[in-house]
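Heads up, the sequence shown is in the UniProt record's numbering, so the first residue is 1 and it goes up one at a time. The beta carbon of each residue, even a glycine, is placed where N, CA and C say it ideally should be. Quick notes on the structure that follows.
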Amino acid sequence: MSFSLPELSDVPAERYAELAAYARALVDGETDRVANAANLSALVKATVPDLNWVGFYFFDGAELVVGPFQGLPACIRIPLDRGVCGAAARTRATQRVDDAHAVADHIACDGATNSELVVPLVRDGELIGVFDLDSERLARFTDDDQRGLEAVAAVFVESLGPGVR
Ligand code: SME
């Protein structure tokens with residue numbers, strides 16, 4: 001099987017609808033969380049401009065542990081009481097940070113990161129992990145980006161087989 005990247009519209013809302021459809025096709029019939037997290041990271045990194053890190057952290061019952069990603073090597077374990085990722089996991093609400101350097105609790109895995117979006121991954125009330133996106137651009141993430149990337153995170157959660165956490 002070979003993959004070609006989708007030609008995405010220039011209109012942000014349409015672009016993300018197309019990206020979500022492509023994401024659904026990419027995970028179709030596969031429930032393995034590493035496989036799907038790896039492919040979705042690669043898809044988003046290749047199609048959404050100005051991202052220096054895209055990837056997943058999985059909750060192991062105590063901490064967030066780095067999973068599949070695209071970007072530079074990253075912090076391996078993040079306690080729930082630390083960082084933007086910890087805040088997303090703890091509050092189960094998307095965290096959008098326009099200026100990472102203005103957030104005292106930001107964990108600088110890659111010093112080039114200036115803004116960040118972290119979407120919690122929750123399934124049947126249980127925390128699975130977070131989907132983390134970093135940009136070198138200040139205030140990179142708009143409302144459209146947030147909605148569109150939350151939709152990609154939802155595709156990931158829905159792709160998991162029954163009982164997978
Ligand atoms: N900046 C994140 C840590 C993860 S890295 O960006 C990959 C945080 O503050 O939680």
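In the DSSP assignment, R77 falls within the unbroken beta strand (DSSP E) covering R77 to P79. In the DSSP assignment, F156 falls within the unbroken alpha helix (DSSP H) covering D143 to S159.
Distances between the C-beta of G111 and the heavy atoms of the ligand SME are all 6 Å or more.
Counting only the Cα atoms, N36 lies some 17 Å from W53. For A37, the shortest separation between its Cβ and any heavy atom of the ligand SME does not lie below 6 Å.
Taking C-beta separations shorter than 6 Å and ignoring five residues to either side along the sequence, the partners of V103 in its chain run V97, following chain order.
By the Cβ neighbour-count rule, R92 is exposed, with fewer than 16 other Cβ atoms within 10 Å of its own.
Short note on D143: C-beta not closer than 6 Å to any heavy atom of the ligand SME.
Inter-segment contact for the segment 70-82 and the segment 148-158 is absent: fewer than three beta-carbon pairs are separated by less than 8 Å.
The C-beta separation of E63 from L80 comes to about 7 Å, placing the pair in contact by the 8 Å criterion. Rounded to whole angstroms, the separation of the alpha carbons of T142 and A153 is 16 Å.
By the C-beta density criterion, F3 is exposed, having fewer than 16 other C-beta atoms within 10 angstroms.
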